[in-house]
Amino acid sequence: MAIARFRNYEAGGRAVTITVPTTAGGLVITGSIDYRAKLGYGVVRGTGRDTSSDGLIQWNSTTVFVHPMTNTPAEAPASPPGSDWHRRPLQTSGSSLDSSLLIALSLGSDRPDNAELLPQNGAAWVGQDQVGGRQVDVMSGPAARGKPGTAGNVRYWIGSDGTMYRVQADVASEPQPVIIDFDTQAYVPVQPAPGVTPTR
4 MAIARFRNYE
14 AGGRAVTITV
24 PTTAGGLVIT
34 GSIDYRAKLG
44 YGVVRGTGRD
54 TSSDGLIQWN
64 STTVFVHPMT
74 NTPAEAPASP
84 PGSDWHRRPL
94 QTSGSSLDSS
104 LLIALSLGSD
114 RPDNAELLPQ
124 NGAAWVGQDQ
134 VGGRQVDVMS
144 GPAARGKPGT
154 AGNVRYWIGS
164 DGTMYRVQAD
174 VASEPQPVII
184 DFDTQAYVPV
194 QPAPGVTPTR
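Residue numbers (our numbering): 4 to 203.
Shown next as structure tokens:
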């Protein structure tokens, strides 16, 4: 578990599918995250609701950029459209979508976590499972920094080599957890949309 976030950073980026619970149904984002530039990009679709939020989405740790589309493609184009992006600040609380985007971005780190501190802060082995035919260990995450009592709010499905395959996280604004699945499709390098600055 200590090297799982570093593995994502080491890989440069990963393909992700983020399933976001919302009061009006849910959202699914299919795309890629560049863990070195701290930049995500993909297609967002509503599930069990109207399609008003369908389109392209790109985000960094402070800003969300959306490009509404009526006929959303199955995959985001490798080169983002040159115009019609709407930007807004990323909310750090109260939005299950923004919480999910932040969590997904935080799953890469330029150095391994401290293996001794993880269990001291509440991280624990939960059991074994299979994801995409792979045998994985399920681990409950440590408490969030400065937030006692949050140990176990995040669960990780990790392969024997430290590769992360799934993350499930509780978000304060929803009863259902966010689910982030990795390698659900091919990774496509993330190109910044106009006006988007990668945070290197």
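Cβ coordinates follow ideal geometry from the N, Cα and C atoms, glycine included. Here the structure is a predicted model, which means the values were calculated and not measured.
Which one of the options has the shortest CA to CA distance from residue i?
i       : options                           : result
Asn-11  : Val-23, Ala-40, Leu-30, Gln-123   : Ala-40
Gly-144 : Tyr-168, Ser-35, Asn-156, Gly-165 : Asn-156
Ala-196 : Gln-138, Gln-179, Leu-42          : Leu-42
Leu-104 : Asp-113, Leu-93, Ser-112, Arg-114 : Leu-93
Ala-5   : Gln-131, Val-181, Glu-119         : Glu-119
Val-174 : Gly-165, Arg-158, Met-167         : Arg-158
Thr-22  : Asn-117, Leu-100, Tyr-190         : Leu-100
Thr-33  : Gln-133, Gly-49, Thr-25, Thr-26   : Gly-49
Arg-114 : Tyr-38, Arg-17, Thr-26            : Tyr-38
Arg-90  : Ala-7, Phe-68, Pro-83, Val-199    : Phe-68
In three-state terms, what does DSSP make of residue i?
i       : result
Ala-18  : strand
Arg-39  : coil
Tyr-12  : helix
Thr-7   : Here residue 7 is Ala; the residue named in the question, Thr, does not match the sequence. The answer is helix: DSSP assigns Ala-7 an H, G or I state.
Pro-76  : coil
Pro-195 : coil
Thr-166 : coil
Arg-114 : coil
Thr-50  : coil
Gly-85  : coil
Thr-26  : coil
Which residue comes first and which comes last in the beta strand (DSSP E) that contains residue i?
i       : result
Ser-103 : Per DSSP, Ser-103 belongs to no beta strand (DSSP E); it is in the alpha helix (DSSP H), 99-108.
Leu-59  : 58-62
Tyr-159 : 157-161
Asp-184 : 181-185
How close, in whole Å, do the beta carbons of residue i and residue j come, if the pair is a contact with beta carbons under 8 Å?
i      : j      : result
Pro-76 : Val-46 : 6 Å
For a test of your reading of the model: does the CB of residue i fall under 7 Å from any non-hydrogen atom of the ligand GDP? Yes or no.
i       : result
Val-193 : Ligands in the displayed structure: none, and consequently the ligand GDP is not present.
What residues are listed by DSSP as bridge partners for residue i?
i       : result
Leu-93  : None; Leu-93 has no bridge partner.
Thr-66  : Pro-92
Ala-127 : Ser-143
Val-174 : The partner list for Val-174 (beta bridge, DSSP) is empty, contrary to what the question assumes.
Tyr-44  : Ser-35, Gln-61
Asp-132 : Val-139
Terminal residues of the continuous alpha helix (DSSP H) containing residue i?
i       : result
Gln-123 : 120-123
Return no unless some Cβ of chain B is closer than 8 Å to the Cβ of residue i.
i      : result
Gly-28 : Protein chain content of the structure displayed is limited to a single chain, and chain B is not contained in it.
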